[in-house]
Amino acid sequence: MTAEDNTPNDATRVTGRRLDRRTVVRAGAGAAALAATARLAGPASAQDATPAGTPAPSGFNTASMQVSGPVEIEYWQYELASKTDLVNELIPEFQAANPGITVKHVNFPYDDFRQQVAAAVQAGEGPDVLNVYYGWIPAYVQQQFLVPFPEDIFPAATIESAYFPMVQAAKVGESYYALPTAVRTLAMFCNMDLLDAAGVQPPTNWQETVDVAKATTVKNGDSFEVVGITWDIGGQGHNWWREALTRQNGLVPYTEDNRDLRWSEPEGVEAFEYLVSFLTEHGVTQAGFQTDGATAFAAGLAALHVDGSYRVGSLANDAPDLNYKVVPLPGNKEQASFASFWANTITRNAAEGDKMIASAKFIEFLSSEEVMRRWTPAVGELPARQALAADPALAANEKLAPFIASLPFSYATFLVNEADLRQAVIDAFDQVTLNGVDAQTAVEEAEAKVQAQLDEYWATVG
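Note that the UniProt record's numbering has the sequence shown beginning at 1, numbered continuously upward.
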């Protein structure tokens with residue numbers, strides 16, 4: 001899903017402040033500076049509840065680090081009422097546990113957020129801790145705006161054992177640059193009134209999905225009254241194919257080092273053809289029906305719809321009486337889903353000294369199990385730590401439980417240019433459905449476009 005797809009429809013936006021700092025901070029010291037500072041730190045101060053040298057319950061190693069005096073760090077995220085309200089509650093708790101550290105929380109309307117960050121990158125200004133869409137991380141690393149997490153403070157082995165696999169999308173080269181508080185994944189939404197009327201159950205595999213879509217489609221002549229499944233390639237369809245259907249069909253769509261695409265291999269093309277067939281062969285859907293898939297489903301005019309976990313909250317507001325069920329994405333040879341997340345990073349503005357220490361402590365706090373337990377009911381996103389997957393309170397939520405069950409087999413795409421990758425996939429589907437190009441050719445053309453960007457990126461960062 002794109003970053004835009006990750007913004008719930010009921011987002012409350014307010015105007016943020018303009019950049020006002022004029023200090024240009026030089027990049028570079030980053031990880032080495034924090035590691036050195038941590039090693040030189042004396043006995044833990046009152047801000048540390050954990051004895052010096054002992055990893056915190058998070059598994060990270062900030063306990064022995066202390067600031068030398070009062071320090072303020074600036075935290076940026078886009079304005080979404082549920083998120084900003086919760087963070088505003090959390091900051092005083094963090095500050096009480098960490099005397100001497102103050103956090104200034106700054107928000108911008110989502111539509112302005114990337115522009116504000118871009119201006120900060122250009123001017124050498126902006127936040128110390130930045131909450132970003134994971135797909136933007138490679139570009140910000142390339143621009144030297146972010147600093148890597150020091151291995152001795154945030155060990156990669158701890159991250160990879162504690163978090164779900166998709167968090168590895170926050171790793172560039174050998175270093176992690178971000179940690180999420182929460183993640184999002186895809187599942188299938190089923191309109192149970194429509195399925196019950198057709199005498200069918202939610203699908204569990206590819207063939208059942210076709211059968212249910214056929215059984216629930218309602219047409220009046222050539223016009224659709226109800227689509228069996230939504231057609232929304234620009235929404236979640238491109239993610240469904242790229243990370244879920246390909247893997248379900250036995251293909252890992254990228255090489256392990258994220259340097260080479262494999263979309264055009266037979267399993268990838270077959271998965272592409274499977275998705276296309278709903279529109280071109282089975283006649284169970286229509287591009288642009290009710291504007292988009294989410295709108296059609298909320299209106300009760302679509303039987304099946306693939307969407308993210310955040311849609312649960314949106315439907316609660318927009319369609320409170322809709323009788324629907326959520327199930328994991330129907331599988332094939334394997335099971336897989338797409339995942340995405342927003343994550344907290346340390347910018348070059350906090351590359352060393354007290355600001356780096358304070359930033360690391362704040363990120364550790366936002367990444368704790370305690371914060372995650374509060375985040376899911378407040379925001380509607382899923383916990384990023386594996387330990388919380390079996391949390392009884394979360395498992396009891398019948399709408400969120402299928403998403404949580406999907407987390408162990410959910411994958412986040414390594415993105416160099418999110419918008420261009422998305423458009424390349426949309427163009428491939430358009431080539432087949434509108435221009436009659438064969439699927440193999442269309443997929444190869446999309447792969448070539450994105451591969452060229454990957455090659456250019458890796459040539460730059462090494």
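For glycine and all other residues, C-beta sits at the position ideal for the given N, C-alpha and C.
Quick caveat: nothing in here was measured; it's all calculated off a predicted structure.
Problem set entry | Beta-carbon proximity of S175 to A378, cut-off 8 angstroms | no
Exercise. For the beta strand (DSSP E) that L186 lies in, which residues bound it at each end?
Worked result: 179-191
Exercise. Excluding sequence positions up to five away, which residues of its chain have a Cβ less than 6 angstroms from the Cβ of W342?
Worked result: N131, Y133
Exercise. Sorted by chain position, which residues of the same chain lie with C-beta nearer than 6 angstroms to A336's C-beta, five sequence neighbours on each side aside?
Worked result: A244, R247, Q248, F409
For this session: Using three-state DSSP, classify E444 as helix, strand or coil.
Result: helix
For this session: Go through its chain and collect everything with a Cβ distance to A296's Cβ below 8 angstroms, but skip five positions before and after it.
Result: V227, T230, F289, Q290, A302, H305
Exercise. Can you list, in chain order, the stretches of the alpha helix (DSSP H) that have 4 or more residues and sit fully within the stretch 195-228?
Worked result: 206-216
For this session: Evaluate the contact criterion for the stretch 56-71 versus the stretch 357-368: three or more CB pairs, one atom per stretch, below 8 angstroms.
Result: yes
Exercise. Using CA coordinates, which residue listed in D438, F272, L454, M372 is at the minimum distance from T255?
Worked result: L454
Problem set entry | Alpha-carbon spacing of K361 relative to N332, whole angstroms | 43 angstroms
For this session: Give a yes or no on contact between the stretch 190-198 and the stretch 212-220, applying the rule of three or more CB pairs nearer than 8 angstroms.
Result: yes
Exercise. What does a CB cutoff of less than 7 angstroms around V269 pick up in its chain, not counting 5 residues either side in sequence?
Worked result: A439, Q440, V443
For this session: Can you give me the Cβ contacts of F60 inside the same chain, cut-off strictly under 6 angstroms, excluding the 5 residues immediately before and after it?
Result: F154, E364
Exercise. Quick one: what does DSSP say R385 is sitting in, helix, strand or coil?
Worked result: strand
For this session: Pull up the distance between the alpha-carbon of I426 and that of E447, whole angstroms please.
Result: 12 angstroms
For this session: Rounded to whole angstroms, what's the CA-CA distance from H105 to I73? Just pull it up for me.
Result: 9 angstroms
Exercise. Where does the unbroken beta strand (DSSP E) through I346 begin, and where does it stop?
Worked result: 337-346
For this session: Whole angstroms is fine: what's the gap from R184's alpha carbon to E456's?
Result: 29 angstroms
For this session: Please name the residue, chosen from F94, V210, A187, W458, that lies closest to N417 on a Cα-to-Cα basis.
Result: W458
Exercise. In the DSSP assignment, what are the bridge partners of K325?
Worked result: C190
Exercise. From A350 to G235, what distance separates their C-alpha atoms?
Worked result: 36 angstroms
Exercise. How many angstroms separate the CA atom of E93 from the CA atom of S367?
Worked result: 14 angstroms
For this session: Kindly indicate which three-state DSSP category W76 falls into: helix, strand or coil?
Result: strand
Exercise. Any idea which residues DSSP pairs A139 with across the strands?
Worked result: In DSSP, A139 forms no bridge with anything.
For this session: Evaluate contact between the stretch 371-386 and the stretch 156-165, counting only Cβ atoms and requiring at least three cross-stretch pairs below 8 angstroms.
Result: yes
Problem set entry | Residues that L261 bridges to, as DSSP identifies them | Y254
Problem set entry | Span of the beta strand (DSSP E), counted from its first residue to its last, around K104 | 101-108
Problem set entry | Exposure label - N6; buried when at least 16 CB within 10 Å | Because N6 carries a pLDDT of 43, less than 50, the predicted location of this residue cannot be relied on, and no value is offered for it.
Exercise. Does the stretch 107-117 touch the stretch 387-399, meaning 3 or more C-beta pairs lie closer than 8 angstroms?
Worked result: no
Problem set entry | Which listed residue (R242, N88, T62, Y75) has its alpha carbon closest to that of N98 | T62
Exercise. Exposed or buried, G221, counting other C-beta atoms within 10 Å across all chains shown (16 or more means buried)?
Worked result: exposed
Exercise. If you pair each beta-carbon of the stretch 307-321 with each one of the stretch 257-268, do three or more pairs fall below 8 angstroms?
Worked result: no
For this session: Leaving out five residues on either side along the sequence, give the residues of the same chain with a beta carbon under 8 angstroms from the beta carbon of Q451.
Result: D260, L261
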